[in-house]
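Okay, structure first, notes after.
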Amino acid sequence: MTTRSWLKAIPTPSTRLLLVITGIIGLSILGFIGWVIYLDRVITNEFQGRLWSVPARVYAAPLELYVGAPTTADDLDMELRRLHYQPGDPATGPGFFRRRNGDFELHARRVQFIDELRPATRITLHANAEGITGLSAADGSDVPVFRLDPLMVGSVFPIHGEDRIILTPAEVSPQLRAALKTIEDRRFDDHHGVDPRSIVRAVWANLRAGRIAQGGSTLTQQLVKNYFLNDAQTFGRKLKEAVMAMRLEARFSKEEILVAYINEVSLGQDGQRAIHGFGLGAEFYFGKPLSELDIGEQALLIGLVRGPSFYDPVRHPDRAKARRNLVLQELASTNVISEEEAKRASAKPLLVRSRGGGYFPAFMDLVRRHLKRDYAEADLSAAGLSIYTTLDPKAQSSAEQALSRGLARLNAARRDKSALLEGAVVVAEPQSGDVLAVVGGRDFGREEFNRALDARRSIGSLVKPAVYLSALETGRYTAASVLLDAPLELKLGDGTLWAPQNYTREEFGSVSMVHALAESMNLATVRMGLDVGVEHVADTLVKLGLDRRPALNPSLLLGAVEMTPLEVVQMYTALANGGFKARLHAVRAVLDDQGKPLKSFKVEVEAVASPELVYQVDRMMVQVTQRGTGRGVTAKLGSKILVPAKTGTSQDTRDSWFAGFTGSHLAVVWVGFDDNRSTGLTGALGALPIWADTLGSLRPSSWEPAPPPEVEERWIEFSTGLVTGPSCSNDAVIVAVPRGANLPTKPGCAAALMRAGIE
Amino acid sequence: MKTSTPSADAPGNVVRIALTNALMLASLAGCSLLQPTRSPVAPPERTIPNPIPEAPKPSAAPATPPPAPAALPATPTAPPPPAREYHLNPATQSLVAQAHSQIARGELPGAATTLDRALRIEPQNPLLWIELARLRLTENDGRQAESCARKALALGGLDPQTRSKAGHALVDALRLLHREPEARELEAQPWMK
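Structure follows, in structure tokens:
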């Protein structure tokens, strides 16, 4: 039967019309119901996805305490406070400690480590101005080693890399809940997702004001809006939002919705990254956890909800302050806080960013990349993972402070203020490859371009240890060899002439190899490097850990190869580690929500260069800081600590580098402009002071490995390379050479040396 | 392992001179490279720190100097660096004991974590790298066992006992990697006894 014939079966036209209309209405209702069901699905999935995707918690390395550990009494005090231990009677319960001078009684909390779940424990610790002097258990017995809780440094969704500090309901204070509801949605506890009364009130207010002065959105509606980040103010969208809000309310509790809101709401923008949630907001704006914010600080965050960029406390401090004080007033008038509290909080300055808290975006960036590198994506999508990193909070804050102080000083000294110098620092433990600290730029609290990982810059003279290692590998050179530092011109493959120069434009003539390295002489290095072969040097760089083959130009001998600070650290691990490359890693272990490791951790070392040759290079690098371009280190750390190191300055002083290691730390510092313009700074002027400042507060131990049996240490004259002794020359330095190497003796010194030996 | 402060104490010098004399005699007997102008280093006073390790206590000194590596001729140019002795500190000692009991219980990942803790405390102690090499052997990871043993050798080459322990770990690693000739050659070294 066709439609026409079906219609003909209906008796009268009016009845026909009625039927058609009813049909249309019926279909519309069905369609609407279908739409609501669809929206219900969408929002429920979204909400549940967020609710159950508990982010992974990320921890720093725990501080190990043992007799001799370099943790002073004051360090320990600071560490305990950083871990939120409170001064008080330890008998009260876990989380309290009592200090009397260098004696600490601690009631440590129950804590999950990579390898064990340790119950709450009472322990007595003794420390002085040097370090830990004793540890004893509650029964008085000695404890050989004890670790503090690992510091929680953030949360991350390992797959999409978004970092959040997700709060559980227990972590959201009643005061914050009350304050938030007062400001944003007073009838939150009573409505069903949409509040007709407040909509009417908003419409009325807007009509009177002649503009949109109030939004009638409930917290639930705002939450929905946040999920689908779309600011279009159309009727259709509003309706969709309202339907979804009502569906959410029907399916989830007020508690779940409020906590989700607190974790989701947008509080600002940090470069490419949106700051979501109050947990991250607290860290971002104040550098401390939400639980430690006072009411004024909480009021600032609550005020930001209405317009994070309009009320941005950094860019518009006046607006932000007015907004904060308005929020405080409202809270006082609704008795959430007292008039007195509001007054006191209103008088306070706006932003007090106390750094030293647990927010390290550049390090977290490395953690995310290493998770991707070392773990299967499927494993990382599980809920409630714990990620244990190698971060050393003390090294991290030393590096942050040193870089920020150093760059502030350098920038202040510049006449041209059109751009600010930037920098990066990476600190590692060279034996194990643990990355201890990463600072990606001047404003280290913000996530932006991570120069430590992504700025590939010309390394300049940092390449020289690899050139000198290559030279020793030929067997034709020792630290005492005589090199010629004199001008030369080379015809390159493309027909151009290349005439390298020393930085100071001087020529040194005949010099010892150790002198050439210590003073970073370009001419001597190029002449030797050409003899050794550019290809050999390129091979050495790859062997030491560079993951690509550099272009084979003679300028490679002077560091015409671009590397990131992190790559330089990787390359230097083999030098700091007796010829063993230690694979850098920022993640030690990932545990699932049951405390079971996803995969076992391995320190990985690989022999890439001969230990005895590396020892000889390192021994020469010591002279860089004792007498050469890196002398500033000795001025800062004292000459008792041996530090093999190298300065680096690229063409036109575009990059200022310093790389060096002690017995305990390997650190690389880079300083330069993002747009690659000239800095006017050598490695010694720009990067070195920041390096020394970083290491200075870390109690570095001297570089002092046992010399391999195949080498011996000899006194030679720094300038000539002739064998001598301090009694025969006031220019004597110690170098390492192959045992039994036949070296010429300084004329007139033989007798003196013989006497010295027999005496 | 803070053993490298320069030492000018009398017993140290006595040992050093004794060693030098022994070496000189040895080279007189079998080597034509003797050059009398050469003299021991380690001058009495220094303006810069010296990395030559402290001489051992007389009781710990070997009766004969450690043999020089086969590849290099023994010359009287310098005394061999005095031997060091390695010990674990109480903290790492307790962690190694813990790792051993974990290995006995078959908890290899736990043992790895425990040794990793110890390494973080004393990263340059060759004894810990020997422990790590042994653990890698238990895990059948010949490549890492070899690397760790070589690392231990490089760090502890001056302590005869440590050297031989590291050498044996390396031999086992080479066998696991089916590199029998290298293993045998190593085993034949006099310092492996």
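Those protein sequences? They're chains A and B, same order as listed.
In the working numbering, each number is its position in the first sequence, counted from 1, plus 1.
One point on numbering: in the working numbering, the residue at position 160 of the second sequence is 158, and numbering is uninterrupted.
Ideal Cβ placement from N, Cα and C applies to all residues, glycine included.
Check whether the stretch 422 to 434 of chain A touches the stretch 657 to 671 of chain A, taking contact to mean three or more Cβ pairs, one atom from each stretch, closer than 8 Å. yes
Beta-carbon neighbours of Pro121 of chain B, restricted to chain A and to distances below 7 Å: For the purposes of this step, residue 121 of chain B is taken as residue 123 along the second sequence, with counting starting at 1. The answer, in chain order, is Glu430, Gln432 and Ser433.
Proximal residues to Gly661 of chain A (C-beta, below 6 Å), its chain only, five neighbours per side dropped: Residue mapping note: residue 661 of chain A aligns to position 660 of the first sequence, counting from 1. Cβ within range, chain order: Val644 and Ala646.
In chain order, what residues of the stretch 135 to 152 of chain B put their CB closer than 7 Å to some CB of chain A? Gln142, Ser145, Cys146, Arg148, Lys149 and Ala152
Can you tell which of A:Ala685, A:Val618, A:Val588 and A:Pro745 has the C-alpha that lies nearest to the C-alpha of Pro709 of chain A? For the purposes of this step, residue 709 of chain A is taken as the residue at position 708 of the first sequence. Comparing Cα-Cα distances from Pro709 of chain A to each of A:Ala685, A:Val618, A:Val588 and A:Pro745, the minimum goes to A:Val618.
Val648 of chain A: buried (16+ other C-beta within 10 angstroms of its C-beta) or exposed? Taking the first sequence and counting its residues from 1, one reaches residue 648 of chain A at position 647. Just to set this straight, residue 648 of chain A is Thr in the shown sequence, not Val. By the neighbour-count rule (16 or more Cβ atoms within 10 Å), Thr648 of chain A is buried.
How about Val736 of chain A: is its C-beta nearer than 7 Å to some C-beta of chain C? Included in the structure are the protein chains A and B, with no chain C among them.
Counting only beta-carbon atoms, is Phe361 of chain A nearer than 7 Å to chain B? Within the first sequence, the letter at position 360 stands for residue 361 of chain A. Not one chain B Cβ lies under 7 Å of Phe361 of chain A.
Between the alpha carbons of Pro120 of chain A and Gln595 of chain A, how many angstroms are there, rounded? Here residue 120 of chain A refers to the residue found at position 119 of the first sequence. Here residue 595 of chain A refers to the residue found at position 594 of the first sequence. Pro120 of chain A and Gln595 of chain A: Cα-Cα distance of roughly 16 Å.
Please classify Ala171 of chain B as buried or exposed, where buried requires at least 16 other C-beta atoms within 10 Å of its C-beta. Sequence index remark: in the second sequence, residue 171 of chain B carries index 173 (1-based). Per the 10 Å Cβ criterion, buried.
Which bits of chain B does Ile115 of chain A rub up against, with CB to CB less than 8 Å? Locating residue 115 of chain A in the first sequence gives position 114, counting from the first residue. Under the 8 Å cutoff, chain B gives Thr111.
Around the C-beta of Pro63 of chain B, are 16 or more other C-beta atoms found within 10 angstroms, so that it is buried, or is it exposed? To locate residue 63 of chain B, count along the second sequence from 1; it is residue 65. The predicted model places Pro63 of chain B with a pLDDT of 38, which falls under 50 and marks its position as unreliable, so this point remains unresolved.
Residue burial classification, Gly94 of chain A (beta-carbon count within 10 angstroms, cutoff 16): The sequence position of residue 94 of chain A within the first sequence is 93, counting from 1. Flag for Gly94 of chain A reads exposed.
Which residues in chain B sit within 7 Å of Pro709 of chain A, going by Cβ to Cβ distance? As a first step, residue 709 of chain A must be located in the first sequence, where it is residue number 708. Under the 7 Å cutoff, chain B gives Ala152 and Gly155.
Using the Cα positions of Arg99 of chain A and Leu152 of chain A, report the straight-line distance between them to the nearest angstrom. On the first sequence, position 98 is the one that residue 99 of chain A refers to. On the first sequence, position 151 is the one that residue 152 of chain A refers to. About 20 Å.
Span separating the alpha-carbon of Ala246 of chain A from that of Gln223 of chain A: Within the first sequence, residue 246 of chain A is the residue found at index 245, counting from 1. Within the first sequence, residue 223 of chain A is the residue found at index 222, counting from 1. Distance between the alpha carbons of Ala246 of chain A and Gln223 of chain A: 9 Å.
Thinking just about the alpha-carbon of each residue, which of B:Trp189, B:Pro188, B:Lys191 and B:His166 is nearest to the one in Ala181 of chain B? Taking the second sequence and counting its residues from 1, the one referred to as residue 181 of chain B is at position 183. Comparing Cα-Cα distances from Ala181 of chain B to each of B:Trp189, B:Pro188, B:Lys191 and B:His166, the minimum goes to B:His166.
Closest Cα partner of Thr683 of chain A within the set A:Ser657, A:Asp90 and A:Pro690: Translated into the one-based positions of the first sequence, residue 683 of chain A becomes position 682. Looking at the Cα atoms, A:Ser657 is the closest of the given residues.
Cut-off 6 Å between Cβ atoms - residues of its own chain near Lys582 of chain A, not counting five sequence neighbours on either side: Your numbering for residue 582 of chain A matches position 581 in the first sequence. So the list reads Gly546, Thr574, Ala575, Glu607 and Val609, once near-sequence residues are dropped.
Please state the DSSP three-state secondary structure of Val315 of chain A. Sequence index remark: in the first sequence, residue 315 of chain A carries index 314 (1-based). Of the three classes helix, strand and coil, the one that applies to Val315 of chain A here is coil, per DSSP.
Tell me which same chain residues have a C-beta within less than 7 Å of the C-beta of Arg528 of chain A, skipping the five on either side of it? Numbered from 1 along the first sequence, position 527 holds the residue referred to as residue 528 of chain A. Counting only Cβ-Cβ distances below 7 Å, and skipping sequence neighbours, we find Leu484, Leu485 and Leu489.
Just to confirm, is the Cβ distance from Ile303 of chain A to Ile338 of chain A under 7 Å? As a first step, residue 303 of chain A is located in the first sequence; it is residue number 302 there, counting from the start. As a first step, residue 338 of chain A is located in the first sequence; it is residue number 337 there, counting from the start. Taking 7 Å as the Cβ cut-off, Ile303 of chain A and Ile338 of chain A do not qualify as a contacting pair.
Assign Ala844 of chain A to one of three DSSP states: helix, strand, or coil. Not covered by the structure: residue 844 of chain A. The range shown for chain A is 2 to 760.
Nearest to Tyr376 of chain A by CA position, among A:Ile44, A:Glu536 and A:Lys600, is which residue? Residue mapping note: residue 376 of chain A aligns to position 375 of the first sequence, counting from 1. Put simply, of A:Ile44, A:Glu536 and A:Lys600 the residue whose alpha carbon is nearest the alpha carbon of Tyr376 of chain A is A:Lys600.
Is the CB-CB distance between Arg620 of chain A and Val736 of chain A below 7 Å? Translated into positions along the first sequence, residue 620 of chain A becomes position 619. Translated into positions along the first sequence, residue 736 of chain A becomes position 735. Going by C-beta atoms, Arg620 of chain A is nearer than 7 Å to Val736 of chain A.
Can you tell me whether Glu651 of chain A is buried or exposed? The criterion is at least 16 other CB atoms within 10 Å of its CB, across all chains shown. Taking the first residue of the first sequence as 1, we reach residue 651 of chain A at position 650. Note that residue 651 of chain A is Ser in the sequence shown here, rather than Glu. Looking at its Cβ environment, which holds 16 or more other Cβ atoms inside 10 Å, Ser651 of chain A is buried.
Compare the C-alpha of Glu293 of chain A against each of A:Gly103, A:Gln176 and A:Leu305 and name the closest. Along the first sequence, read from residue 1 onward, the residue named residue 293 of chain A stands at position 292. Checking every option, the nearest Cα to that of Glu293 of chain A belongs to A:Gln176.
Just to check my reading of the structure: Val225 of chain A and Leu240 of chain A have Cβ atoms closer than 8 Å, yes? What is that Cβ distance to the nearest angstrom? As a working mapping, residue 225 of chain A is identified with position 224 in the first sequence. As a working mapping, residue 240 of chain A is identified with position 239 in the first sequence. With 8 Å as the limit, Val225 of chain A and Leu240 of chain A do not qualify as a contact, their Cβ atoms being about 12 Å apart.
Using a cut-off of 8 Å between C-beta atoms, extract the partners of Phe581 of chain A located in chain B. Against the first sequence, residue 581 of chain A aligns to sequence position 580. By Cβ distance, chain B contributes Ser145, Arg148, Lys149 and Ala152.
Counting only beta-carbon atoms, is Arg182 of chain B nearer than 7 Å to chain A? Against the second sequence, residue 182 of chain B aligns to sequence position 184. By this cut-off, Arg182 of chain B is not an interface position.
Would Ala707 of chain A be called buried (16 or more neighbouring beta carbons within 10 Å of its own) or exposed? By 1-based counting over the first sequence, the position of residue 707 of chain A is 706. Ala707 of chain A comes out buried.
State the DSSP-derived secondary structure class of Ala300 of chain A, mapped to helix, strand or coil. Position 299 of the first sequence, counted from the start, is the residue given in the question as residue 300 of chain A. Looking at Ala300 of chain A - three-state DSSP - the assignment turns out to be helix.
Where Glu605 of chain A meets chain B, residues with beta-carbon distance less than 9 Å: Counting from one through the first sequence, the residue named residue 605 of chain A turns up at place 604. Simply Gln142 and Ser145.
Does the beta carbon of Pro394 of chain A sit closer than 7 Å to a beta carbon anywhere in chain B? Within the first sequence, numbered from 1, the residue matching residue 394 of chain A stands at position 393. Judged by the 7 Å Cβ criterion, Pro394 of chain A is not in contact with chain B.
DSSP state of Lys597 of chain A, grouped into three classes? Residue numbering aside, residue 597 of chain A sits at position 596 when the first sequence is read from its first letter. Here Lys597 of chain A sits in coil by DSSP.
Rounded to the nearest angstrom, what separates Leu470 of chain A and Leu614 of chain A at their Cα positions? Indexing the first sequence from 1 puts residue 470 of chain A at position 469. Indexing the first sequence from 1 puts residue 614 of chain A at position 613. Going by the C-alpha atoms only, they are around 7 Å apart.
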